Amino acid sequence: MPLDIDPQKVPVVLLYNLDPSWTSQEKEEATLLSSQLGQAVSQVGHPVAMVPVSDSDLSAALRPFDPSSHIVFNWCENLPATPNSESLVAQILESLGFVFTGAGGRALTLAQDKRAMKEILSKAGIPTPTWRLYDRPQADGWNQFPAIVKAANEHSSEGLTRESVVMNEEELSARVAYVLKTYDQPALVEDFIDGREFHVSLWGNGTIDMLPPAEMDFSQFKDVHDRLCTYDAKFVPGSESYEGIKTLLPALLGADDLRTLKRVCQAAYRAIGCRDYGRIDLRIRDGVFYVLDVNPNADISADASLACAAELAVYSYGEMGSRIVRLAANRHPGWGRGSGDIGSGLPAIGGGESWEKSSTHPRLKSSGKRGRPGGP
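In this text, residue positions in the sequence shown follow this note's numbering: the first is 8, and each later residue adds one.
Right, dumping it as structure tokens:
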């Protein structure tokens, strides 16, 4: 599908969460965020139908729409009363015959399984911190400190606090026990890389473009326990970490580092099966970029890293949304040629250039994922 196709010919069904268990404020926030995206995509020219998901019957919500003549913009992260059902939403859309934006069920399942993701990255030769999985409090055999302890099947920094960084075996065992008891799932222990952290948005399919990378600035914090993106840092305005961690966009990196970063991010994007767009979180130590996480369904709200990076690459919010729609539409038998690739159309990133100036972005506060407003 060419880039200059008339957007009016590509109707969009914007699917978003509106859980009845949420508070009135949370519902208002979800509606506002979704309306911002819907209006922006509509202003570019796409006909847009807003479809809130307020119960588990997704097929009923989509019954008025013909898969042969609509693209679903999938911004639905869970079905109500069904935790961690992000991949289930994609599977239902697939079973109904809809072409939709973003990753398919397999990649979204991987996003919920840190062990499987780490194994795939390692098998592909992509640097990722040394790790081990524990299903009992006795964290035998681990001797690399500082380390970080995460719940193995959570995302959006759920459960990450300053106490997640441990400095010795006693602290490690205590934190592993906490994760096992609190989340009823294994604990993933990783080598904690106390270095610069980057959140890198990419988009595309056959051709994958890296948008200007963002850097998390931890310079206000001297204690290693505070130099990480905790849940509070992403989702709790007024907290010390939310206010203290700044986001620099673009990150100041030289040409060689940009080339390496781009290569690592593209490899991780492909290995996990990201589609249309995604975000890779990394840290650097001794010149090596280590992949911390791959986010195949990264936050696309107007103040998240993807939209802000796209803005720096001269895409308005609506143009960003339209590009994602057109990437998906290229998989549609009526509009596309099957690959989902519509070429680059972007200024080259990582091809030898560097930036002379970086600043704290006026909107960007975190690189979290939007689900329940204010939460994962």
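Cβ atoms here follow ideal geometry from the backbone N, Cα and C, with glycine treated the same way.
Given the structure is predicted, the values throughout are model-derived calculations rather than measurements.
CA-to-CA distance, residue j to residue i, given in whole angstroms
i      : j      : result
Pro18  : Lys121 : 35 angstroms
Arg2   : Thr137 : A query on residue 2 cannot be resolved here, the shown segment of the chain reaching from 8 to 383 and no further.
Thr168 : Asp239 : 8 angstroms
Ile279 : Gly202 : 24 angstroms
Glu161 : Pro134 : 21 angstroms
Val172 : Arg290 : 15 angstroms
Leu7   : Leu86  : With the chain represented from 8 up to 383, any question about residue 7 goes unanswered, as that position is not in the structure.
Lys16  : Leu268 : 37 angstroms
Leu259 : Ile252 : 16 angstroms
Ala146 : Ser75  : 53 angstroms
Arg330 : Glu177 : 50 angstroms
His232 : Leu69  : 46 angstroms
Arg277 : Val79  : 22 angstroms
Cys315 : Asp293 : 29 angstroms
Gly166 : Pro54  : 39 angstroms
Pro244 : Val96  : 29 angstroms
Asp64  : Leu100 : 12 angstroms
Leu426 : Asp300 : Nothing about residue 426 can be reported from this structure: the residues present for the chain run from 8 to 383 only.
Glu204 : Lys241 : 14 angstroms
Gly327 : Asp310 : Checking the sequence shown, residue 327 turns out to be Met, not Gly. Those two C-alpha atoms are separated by around 13 angstroms.
Gln98  : Asn81  : 12 angstroms
Asn150 : Leu187 : 20 angstroms
Gly211 : Val332 : 11 angstroms
Asp13  : Ala184 : 56 angstroms
Gln119 : Ala317 : 26 angstroms
Gly213 : Thr108 : 15 angstroms
Leu195 : Thr189 : 14 angstroms
Met222 : Tyr284 : For the record, residue 222 in the displayed sequence is Glu; it is not Met. Straight-line Cα distance between these residues: approximately 19 angstroms.
Glu7   : Ser248 : In the structure as shown, the chain starts at 8 and stops at 383, and residue 7 therefore has no counterpart that could be examined.
Lys229 : His339 : 51 angstroms
Gln43  : Gly148 : 50 angstroms
Ser323 : Ser312 : 13 angstroms
Leu22  : Asp62  : 12 angstroms
Asp142 : Asp191 : 9 angstroms
Ala37  : Ser246 : 22 angstroms
Neighbour-count burial assignment, residue i, 16 or more Cβ in a 10 Å radius
i      : result
Gln273 : buried
Pro27  : exposed
Pro71  : exposed
Gly104 : exposed
Glu197 : buried
Glu84  : buried
Asp263 : exposed
Pro220 : buried
Leu384 : Here the chain comprises residues numbered 8 to 383, so residue 384 is not present and cannot be evaluated.
Ala159 : buried
Pro257 : buried
Asn302 : buried
Glu35  : exposed
Ala320 : buried
Ala67  : exposed
Ser49  : buried
Ser31  : exposed
Gly45  : buried
Asp384 : Coverage of the chain is limited to positions 8 through 383, which leaves residue 384 absent and any answer about it impossible.
Asp73  : exposed
Asp306 : buried
Residue i vs residue j beta-carbon contact at 7 angstroms
i      : j      : result
Ser226 : Leu40  : no
Ala110 : Asn304 : yes
Leu209 : Ile215 : yes
Pro153 : Met124 : no
Asn24  : Val51  : no
Ser180 : Pro144 : yes
Thr237 : Ser164 : yes
His206 : Arg286 : yes
Asp224 : Leu265 : no
Pro193 : Leu117 : no
Val106 : Ala335 : yes
Ala275 : Val295 : no
Ala131 : Gly325 : no
Ser94  : Gly112 : yes
His77  : Val20  : yes
Check: residue i C-beta below 6 angstroms from any heavy atom of the ligand MN
i     : result
Asp64 : Summarising the ligand content, the structure contains no ligands, and the ligand MN is consequently not present.
Per DSSP, cross-strand counterpart(s) of residue i
i      : result
Tyr141 : Ala194
Asn24  : Val60
Val17  : Answer by DSSP bridge pairing: none, since Val17 is not bridged.
Val106 : Ile78
task = May I have a chain-ordered list of the beta strand (DSSP E) segments no shorter than 3 residues that lie completely inside the segment 201 to 271?
result = 204 to 211, 215 to 217, 221 to 224, 253 to 256
4-residue-minimum alpha helix (DSSP H) runs that sit fully inside the segment 41 to 95, ordered along the chain = 65 to 69
ask   = Whole alpha helix (DSSP H) runs in the segment 143 to 204 with 4 or more residues, listed along the chain?
value = 176 to 190
Contained beta strand (DSSP E) runs [length at least 3] in the segment 270 to 308, N- to C-terminal order = 283 to 292, 295 to 302
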